[in-house]
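Protein chains: 2
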Amino acid sequence: MRRIYTSLFLFLFATGTALVAGERPNLIIDKKEAAVINNNTGKYTLFDHSLSQLKKAADKAVSSPIVVPPPGEGGGYEHERHKQNYREMYQAGVCFTLTGEEKYARFIRDMLLEYAKLYPTLGKHPQSRDQAPGKLFHQMLNETLWLTYTSMAYDCIYDWLDAETRARIEKNVFRLIIDWFTTENHKEFDRIHNHGTWTVCSIGLIGYVLEDKNLVDMALYGTRKDGVGGFLKQLDLLFSPDGYYMEGPYYARYALQPFFIFAEAIERNQPELKIYAYRDQILKKAYYSAVQTTFPDGVFPPINDASRTMDIRDSGMIMANDLVHSRYGADPNLLAVKKIQKDVIINGAGLMVARDFAAQEKIAPMDWGSIEFTDGHDGRQGGLGILRLGAGEKQSMLLMKYGVHGEGHGHFDKLHFIYYDQGRSVIPDYGFCRWINIEPKMGGRYLPENKSYAMQTIAHNTVTVDQTSQNLANRKQADEMSAKRHFFDSSNPDVQVMSAHAEGYYPGTAMQRTLFLIQDERLPHPVVVDLYRINSDQMHVYDYPIHHQGQFITANFEYQPDVTAQSPLGADFGYQHIWRTASARVEGPVKITWLDGNRYYTLLAAAAAGSEVLFGRSGANDPNYNLLSEPLFLIRTQAQDHLFASVIESHGHFNEAREQSNGARGRLTGIKVIGHNETGSVIEVSGEKELRWVIMVNNGEASVDKKHEVTFSGNSYTWTGNYKVEMR
Amino acid sequence: MRRIYTSLFLFLFATGTALVAGERPNLIIDKKEAAVINNNTGKYTLFDHSLSQLKKAADKAVSSPIVVPPPGEGGGYEHERHKQNYREMYQAGVCFTLTGEEKYARFIRDMLLEYAKLYPTLGKHPQSRDQAPGKLFHQMLNETLWLTYTSMAYDCIYDWLDAETRARIEKNVFRLIIDWFTTENHKEFDRIHNHGTWTVCSIGLIGYVLEDKNLVDMALYGTRKDGVGGFLKQLDLLFSPDGYYMEGPYYARYALQPFFIFAEAIERNQPELKIYAYRDQILKKAYYSAVQTTFPDGVFPPINDASRTMDIRDSGMIMANDLVHSRYGADPNLLAVKKIQKDVIINGAGLMVARDFAAQEKIAPMDWGSIEFTDGHDGRQGGLGILRLGAGEKQSMLLMKYGVHGEGHGHFDKLHFIYYDQGRSVIPDYGFCRWINIEPKMGGRYLPENKSYAMQTIAHNTVTVDQTSQNLANRKQADEMSAKRHFFDSSNPDVQVMSAHAEGYYPGTAMQRTLFLIQDERLPHPVVVDLYRINSDQMHVYDYPIHHQGQFITANFEYQPDVTAQSPLGADFGYQHIWRTASARVEGPVKITWLDGNRYYTLLAAAAAGSEVLFGRSGANDPNYNLLSEPLFLIRTQAQDHLFASVIESHGHFNEAREQSNGARGRLTGIKVIGHNETGSVIEVSGEKELRWVIMVNNGEASVDKKHEVTFSGNSYTWTGNYKVEMR
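Chains as they are written, first to last, in this note's numbering: chain A, 15 to 742; chain B, 15 to 742.
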């Protein structure tokens, strides 16, 4: 590990000497890097841009009055002010290190002296709710960010301060916070969770600045220093061996920030710990797996509690990208990420990335290919599969979630899928129900509908049983189990497939979903094929939902629209939040076409005789209009063992401004379940130009070379391995 | 007129000689222009781009099999094929003129010979509905386009054809169509309407090609050649003296195409008519007024039946822009239009525009400023007002409609307004209810909900009386009246205003709306102030609606949400299409905030005591999901004389991806009606930082210098002219 550091990092700066303990700053930037940066300004556009942004912010801050208000409510003015303060102290700290101009140091000192007046007067924040409370902020989480960034700022001016001022600040601010975190809130400190990571990061940083080994050891090994809590345990348990973060990518990008800030500080202060090599380079894997889940535009798939717009331009991702690049070695895909990020961290790593970026004539778009991640710290708790076809904006991407629940931010959505096409989610995940940081929306916190709708199974593209949620929406139960990988094969770009099981999420019920992304030259775009098999010990009602965007165009069956009265689809488990807008009884294949953007999408599904189709729209039982108003279709079947077989075809073209439309009806015309049993499932898809696909899937133990045979209605079907797609 | 042509057109090409009658082609391009074009290829990117597109299309066409199918249904394959055929013949005709390559001529000839076989076998199209029928197409309108473009193609190969072939084609195609248009459908021919324009254009063009003066005269003066119908009468009646087109901009851009094609052919064949000078250069004004109504991104405001996306990149607008540039003289704003259009017509005019475009170092965005158009052929039938502030993407634009109904495509929407901000309509017009050219949506035709919702008053941002529509949605009655201009003043950019009357649209009821666009340095963005005054001879229920986009954030009053059941707002006049989603009784000012894109918007309205507020969403009674699902607010008051006073404030900033929000609550806090009578209305708006505006509006006869005084509650208010805004 240390070798890589030397070969890359020092290659750039050619300073040649090891970091000297005790010389400050030494958390994320040091004086030697500052000198190299000063010698390289004006050379790399990317770096110059980021540096000028940082300086502009710092200059504005230091020429404005210092405001340290009493604590206020979450999302309110005071809350935002304290957030701004720590950001500005950090920016000023970096500027002081680069320029030596005392105005930056004075700004940090004077602000900390204001905090030194305020902080001793504070008790537990009066508005804390479920979460560990802070004093400045309603939740301690915000306070750990405050301490993290303030520690870095303090590190920058430590040597400049006189001893008396240091003592005042440390006594009246840092020691009080340290006590609050490590004693009063030791449970939060030792928690294996992103809140815990922020906590240990902040204590670790201030520990290095104060040269307080006790604090650093607590940060690394937990308050009792027994390794049950602390940074290393978090590295052990919060990521799968592939680096996949158990809460999902939205929270991963948030957690990666303290993971990398603290790792970088450890590397600089205790290189003997070889933190970047820890757990087979788990930090590298953590970063890669986060960016590798993103849509081609760099937006994270909003699985679990997540916004639909968070992307790799988040500041934590910018920093992590640069540190990964400098600590683990250059990679064209990291530069492709940078092309989206357009920003670097201001230290040696950021300079290095900017240099490598400038050296490339052309940066290709990110290309991660199809990829599967295992989930759970042991890598045996299911996973996340992503099938990709095409590159950049034209990529089609199919994602299935079959891992762990993911604790408090987890959704009850095993075997849920998202389909991304035309540069956005056309079969979307709802994400969280939260208007983040919008003060009139409950201070920007999670809203009640997050629990009552967004987390529930029906808010996702996965089957519900008896109109309830998986695990009856009991988080504790859900955390104790996981879905299971079955097989994943992207070796043939034209026929890619992933399959997974979810057993026991409903009592006595086992589910298996197999999703194909298929390209056939007779069709203009890739097609999603879905085989969703359910086995149970008794009869149930199975609902198969497809959430979508855009406008309904046509269906191949008669439906009864709810035109003069609307009522909710159900009473609980999220159904109470969906207006029923139409219903139908169907026999045989269901074909529903809608328009989204410039394309048409058709769901063609083999509905069993006597099935129902329901159309719905989110927004019922939503007194404060917290929910988005979005449509869905749902196929409802009463059965014990059942196979939902369906195809989602993307077809045609619509340009309203040019008044052009073609191919508004799909080219696929039929879908049929030939049979399914414990050995395999067989379906047939047919379409124009005599297109006919016979698709066979292995329902038994996964194996790439086992021969399978099933007989349905007197016809025998054989294949070797996990699946076969016969295309005629 | 001819002078301008010489000075500009010949300046470019220096051919110096007048057009020779009888030399073909001579409709839109001639051989001399072709020679100049050939000498200038490779010089102007814009022209080269358009030329290569045209050649690519023509080359693809001439190397593909000729397909002339029997007639089919509107929007279906055959319909689209015949449309494609005339476009391809036109493209091939231009290419033949430019290159002399016979493959293009043969393509046109062979296709026309196919039509010569088919056309004599055809009768009236079996699927024609309300409109005049074609034979190839379900409506004659499409057939006039066929004849227009085919005439231009035929013109290009006329000299190349042998006499026998010409005779066959003329006898079996052109003479039959001519007869169909001028005899069987002479009413359509003589109609003062865009369908009439397309008809006379097509007959005029084929008249020039065939040197048939009778046809040309009919085209110019009507089938009876008495000037009651025909092109000149259309120029007289379809535009206001300002050039504003009575059906509105969406149909203007469609009508301008035949107007300009035929005008250009007239200028080339009968320059003595001085068609471009006709009616004080009405063609110039017609083009300018169309582009001047657009939003800064070039999209037409969707008033009347119109899509929300049609823009100045429409082919008719591209052609008209180039012809206006060449015939009336260069103008930087025409080049700014070209920057959006990115395409030119392939003839001398297009080459000239491309040359002028290339000569500019930088093209500024379109800048039309605030502008008012009169409506009606006499300019005395109300108008259309547009207030603009800021430039390009950052422009705020407020549009009020107070002109004529606009015949069959008119909406019952007098005093309706649209507000454009952040690059889109934030207070939108619904536009038409039509999924244009989408075959499964009734062949892409107008849908029933166009009449039952989109045309109705409640679908617009204007007051309804007793939950009915203006003129009880009777088009004939609506066509016989118009709203009236009151005053318009944009001389002070910070306080711009327009005011108009609509009298008798509801029996015994007079309405006056005054809209301000106000900029106050204490507010981050411009603000809309609305004084909507209604006087009636009896009590009525007045509904004041605001249609919007985005997500509800908060309101300053208690409301009863319809959370477990929804029903329509009413039974008729469009109300049946709106789900009621909440209701409230309010006393005093109403404040409702919603989020749209990156900004918050707040409606602050002075609701009279006992008013109701209703929240709604379109989509009820819509069995085929033809409507968009969009929200609205509505303030309901029972009164005889009433003044709705309200402000729409744009404020704050939201960036979900960066999780930033500020200013989610508006800075304006109060609005009060001080009084209103036949002399004037006075309201007061107040806000943070002691902001206080007293706004006075003249309700009597418009006058810029008359002194007004009103006394309300013992306080006297005086002002000179039509309005006064006291800002404190």
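Where is the CB? At the ideal position from N, CA and C, for every residue including glycine. Just so you know, these numbers come straight off a predicted model, no measurement behind them.
Which residues mark the beginning and the end of the alpha helix (DSSP H) in which residue 96 (chain A) is found? 91-113
Within this structure, are the beta carbons of residue 747 (chain B) and residue 711 (chain B) separated by less than 8 Å? Outside the displayed span of chain B (15 to 742) sits residue 747 (chain B), for which this structure offers no information.
For residue 711 (chain A), write down the residues that DSSP places opposite it in a beta bridge. A:695 and A:737
Looking at the secondary structure, which residues open and close the beta strand (DSSP E) in which residue 377 (chain A) lies? Counting along the chain, residue 377 (chain A) falls outside any beta strand (DSSP E), and DSSP gives it neither H nor E.
Excluding five sequence neighbours on each side, which residues of the same chain lie with their C-beta closer than 6 Å to the C-beta of residue 678 (chain B)? The residues are 614 and 666.
Per-residue contacts from residue 567 (chain A) into chain B (C-beta, under 7 Å): Going along chain B in sequence order, the residues near residue 567 (chain A) (Cβ under 7 Å) are 452, 454 and 455.
Taking 8 Å as the CB-CB limit, is residue 635 (chain B) close to chain A? yes
Any idea if residue 257 (chain B) is buried or exposed, counting beta-carbon neighbours within 10 angstroms, 16 or more meaning buried? buried
Residue-level contact to chain A via CB, residue 24 (chain B), 8 Å cutoff: For residue 24 (chain B), the predicted structure reports a pLDDT of 43, less than 50, and the residue's modelled location is therefore unreliable. A value from the coordinates is still provided. Chain A contact via Cβ: absent.
Near-chain A residues of the region 561-589 of chain B (beta-carbon distance less than 7 Å), N- to C-terminal order: Cβ contacts with chain A: 565, 566, 567, 568, 575, 577, 578, 579, 580, 581 and 582.
Can you list, in chain order, the residues of the region 650-671 of chain B whose Cβ is nearer than 7 Å to any Cβ on chain A? Only 668, 670 and 671 from the region 650-671 of chain B bring a Cβ to less than 7 Å from some Cβ of chain A.
Under a Cβ-count criterion, where at least 16 other Cβ atoms within 10 Å of its own Cβ denotes burial, should residue 91 (chain B) be classed as buried or exposed? exposed
Which residue marks the beginning of the alpha helix (DSSP H) containing residue 630 (chain B), and which one marks its end? Per DSSP, residue 630 (chain B) belongs to no alpha helix (DSSP H); it is in the beta strand (DSSP E), 625-632.
Comparing the C-beta of residue 674 (chain B) with each C-beta of chain A, is any distance below 8 Å? yes
In its own chain, which residues sit with a C-beta less than 7 Å from the C-beta of residue 64 (chain A), not counting the 5 before and 5 after it? 357, 358, 360 and 364
Can you pull the chain A residues whose beta carbon is under 7 Å from the beta carbon of residue 163 (chain B), in chain order? None at all; the shortest Cβ gap to chain A is about 16 Å.
Give every residue of the same chain whose Cβ lies closer than 8 Å to the Cβ of residue 25 (chain A), excluding the five residues on either side of it in the sequence, and list them in chain order. At residue 25 (chain A), the pLDDT of 40 sits below 50, so the modelled position is not reliable; the number obtained from the coordinates is stated separately. Answer for residue 25 (chain A): no residue qualifies.
Counting contacts by CB-CB distance shorter than 8 Å, is residue 678 (chain A) in contact with chain B? yes
Among B:434, B:435 and B:419, the one whose alpha carbon lies nearest that of residue 428 (chain B): Ranking B:434, B:435 and B:419 by Cα distance to residue 428 (chain B) puts B:419 first.
Over the uninterrupted beta strand (DSSP E) stretch that includes residue 669 (chain B), give me the two end residues. 667-669 is the extent of the beta strand (DSSP E) around residue 669 (chain B).
Pull up the DSSP beta-bridge partners for residue 461 (chain A), would you. In DSSP, residue 461 (chain A) forms no bridge with anything.
Looking only at DSSP bridge pairs, what is residue 531 (chain A) linked to? A:510 and A:542
Determine the chain B residues that contact residue 593 (chain A) at a beta-carbon separation under 8 Å, and present them in chain order. 580
Indicate whether residue 713 (chain A) and residue 693 (chain A) have their beta-carbon atoms separated by less than 8 Å. Yes, these two residues count as a Cβ contact at 8 Å.
Among A:112, A:71 and A:317, nearest to residue 102 (chain A) - alpha-carbon criterion: A:71
Among A:624, A:607 and A:640, the one whose alpha carbon lies nearest that of residue 646 (chain A): A:607
For residue 517 (chain A), collect the residues of the same chain with a Cβ closer than 6 Å to its Cβ; drop the 5 residues on either side in sequence, then sort them by chain order. 524
Alpha carbon of residue 750 (chain A) to alpha carbon of residue 290 (chain A), nearest angstrom: As shown, chain A starts at 15 and ends at 742. That puts residue 750 (chain A) outside it, with no answer to give.
Are there three or more Cβ pairs, one per stretch, closer than 8 Å when the region 616-625 of chain B is compared with the region 639-656 of chain B? yes
Can a CB atom of chain B be found closer than 8 Å to the CB of residue 639 (chain A)? yes
Does residue 158 (chain A) get closer than 8 Å to chain B when you measure Cβ to Cβ? no
Measure the C-alpha to C-alpha separation of residue 383 (chain B) and residue 721 (chain B) and round it to an integer number of angstroms. 29 Å
For residue 687 (chain B), the residue or residues it bridges with in DSSP: B:697
8 Å is my cut-off, CB to CB: does residue 148 (chain A) come that close to chain B? no
Rounded to whole angstroms, what's the CA-CA distance from residue 224 (chain B) to residue 86 (chain B)? Just pull it up for me. Distance between the alpha carbons of residue 224 (chain B) and residue 86 (chain B) is about 29 Å.
Taking the alpha carbon of residue 725 (chain B) as the reference point, which residue from B:590, B:267, B:190 and B:691 has its own alpha carbon closest? B:691
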